[in-house]
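Everything on this sheet refers to the single structure shown next.
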Amino acid sequence: MNPKPGTLRHGVIQEEPLWIIFKRDMVIKLHMDLLVNSYKTIDGRGATIHIAGGPCIKVHNKRNIIIHGIHIHHCKRGGSGYVSDFPNHRTWSARSDGDGITISGGSHVWVDHCSLSNCFDGLIDVVHGSTAITISNNYMTHHNKVMLLGHSDSYKDDKNMQVTIAFNHFGEGLGGRMPRCRFGYFHVVNNDYIHWQHYAIGGSSSPTIFSQGNRFLAPNDEDHKEVTKHFKSSEGEWKKWNWRSEGDLMLNGAFFTPSGAGATARYDRASSMAARPPLLVPSMTAGAGALRCKNGHLCGH
Numbered sequence: 001m002n003p004k005p006g007t008l009r010h011g012v013i014q015e016e017p018l019w020i021i022f023k024r025d026m027v028i029k030l031h032m033d034l035l036v037n038s039y040k041t042i043d044g045r046g047a048t049i050h051i052a053g054g055p056c057i058k059v060h061n062k063r064n065i066i067i068h069g070i071h072i073h074h075c076k077r078g079g080s081g082y083v084s085d086f087p088n089h090r091t092w093s094a095r096s097d098g099d100g101i102t103i104s105g106g107s108h109v110w111v112d113h114c115s116l117s118n119c120f121d122g123l124i125d126v127v128h129g130s131t132a133i134t135i136s137n138n139y140m141t142h143h144n145k146v147m148l149l150g151h152s153d154s155y156k157d158d159k160n161m162q163v164t165i166a167f168n169h170f171g172e173g174l175g176g177r178m179p180r181c182r183f184g185y186f187h188v189v190n191n192d193y194i195h196w197q198h199y200a201i202g203g204s205s206s207p208t209i210f211s212q213g214n215r216f217l218a219p220n221d222e223d224h225k226e227v228t229k230h231f232k233s234s235e236g237e238w239k240k241w242n243w244r245s246e247g248d249l250m251l252n253g254a255f256f257t258p259s260g261a262g263a264t265a266r267y268d269r270a271s272s273m274a275a276r277p278p279l280l281v282p283s284m285t286a287g288a289g290a291l292r293c294k295n296g297h298l299c300g301h
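Residue numbers are given in UniProt numbering: position 198 of the sequence shown equals residue 198, and the series is strictly consecutive.
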């Protein structure tokens, strides 16, 4: 019943806190979602680790988790079945969505310095009442619906969701959802957006979005210069939503459509750190994605 000791799945289901590292370069193809237990760090530094070609990572009702330095790509939907979630225990898992990382009902989760692309559904989805989530220093390319924050327009338990999106590189071949938000509070700060096909930041169900110190390079398509997109609402309704751009750098005709009140207490919950000037964004995000690390040397690309 138990995964083999020394495997990634064996490590992530343990009940005690663990810092999981890798002995050598690996390409890990999973047959079922990797269910990560609380108080785990998955640290790919020191090796080149790919999770690809099958179902990928899921955090379900767990907390205090770090996912660092992993290449996550070509994630696929898995079948339903029993999967290990604790030592000597399996739980029934429905068919996965095919996300790179799914955080469902999780809290205090940090996704840092990962490289993500080409998944079946989303690269990172944060849903079902998750909160205290940080997504930082990641390198994202070649995907349509990048990041969903909030399960659905009817799932109001996401109203207390708080997510920080910082120092990420949103690169070539991305469609939209960088992120796409519902209900909660979202700080989008010091990211580099060099491409989008449809829009960069969108939402519905009155999310509070604070865009600060980002660099937005619009596509050449004149119909898609706008950074923002409002879903499933009339103009009279979405104009009440609190969306603010402060200190963003707009290039090639990019523009952000603000809405809602001015300085309100709601933005306090959507402000997690001090932004730096957007002219520094290229240098701040130059090391985004999984890094190459060797003993005795600084990590880098």
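Beta carbons are placed, not taken as given, at the ideal position from N, Cα and C, and that holds for glycine.
Being a predicted model, the structure only gives us computed values, none of them experimental.
{"Item": "So within the region 98-184, which uninterrupted beta strand (DSSP E) runs reach at least 3 residues, ignoring any that extend past its ends?", "Value": "101-104, 107-112, 115-117, 124-127, 131-136, 139-141, 143-145, 147-149, 162-166, 174-176, 180-182"}
{"Item": "Excluding the 5 residues flanking M26 on each side, which residues of the same chain have their C-beta closer than 6 Å to its C-beta?", "Value": "I49"}
{"Item": "Leaving out five residues before and five after S206 in sequence, what residues of the same chain have Cβ atoms less than 6 Å from its Cβ?", "Value": "W241"}
{"Item": "Looking at R215: is its Cβ nearer than 8 Å to the Cβ of L251?", "Value": "yes"}
{"Item": "Any contact of the region 40-47 with the region 84-96, i.e. 3+ C-beta pairs under 8 Å?", "Value": "no"}
{"Item": "Under the assumption that N191 contacts N168 (Cβ atoms under 8 Å), give the Cβ distance between them as a whole number of angstroms.", "Value": "5 Å"}
{"Item": "Which residue marks the beginning of the alpha helix (DSSP H) containing W241, and which one marks its end?", "Value": "No alpha helix (DSSP H) holds W241; DSSP gives it neither H nor E."}
{"Item": "Report yes if the C-beta distance between W243 and S233 is below 8 Å; otherwise report no.", "Value": "no"}
{"Item": "In or out: T7 buried (at least 16 other Cβ within 10 Å) or exposed?", "Value": "exposed"}
{"Item": "Do the region 157-171 and the region 133-140 touch if we need at least three Cβ pairs shorter than 8 Å?", "Value": "yes"}
{"Item": "Pull up the distance between the alpha-carbon of residue 309 and that of V189, whole angstroms please.", "Value": "Since the first residue of the chain shown is 1 and the last is 301, residue 309 is not available in this structure."}
{"Item": "Using a Cβ distance threshold of 8 Å, determine whether the region 34-41 contacts the region 71-82, with at least three qualifying pairs required.", "Value": "no"}
{"Item": "Would you kindly check if the distance between the Cβ of C75 and the Cβ of C119 is under 8 Å?", "Value": "yes"}
{"Item": "Could you check the C-alpha separation between M98 and G122 for me, to the nearest Å?", "Value": "The sequence given here has Gly at residue 98, not Met. The straight-line gap from Cα to Cα measures roughly 7 Å."}
{"Item": "For D43, which three-state DSSP category applies?", "Value": "strand"}
{"Item": "Give the single residue among K4, L30, R266, K40 whose Cα lies nearest to the Cα of L18.", "Value": "K40"}
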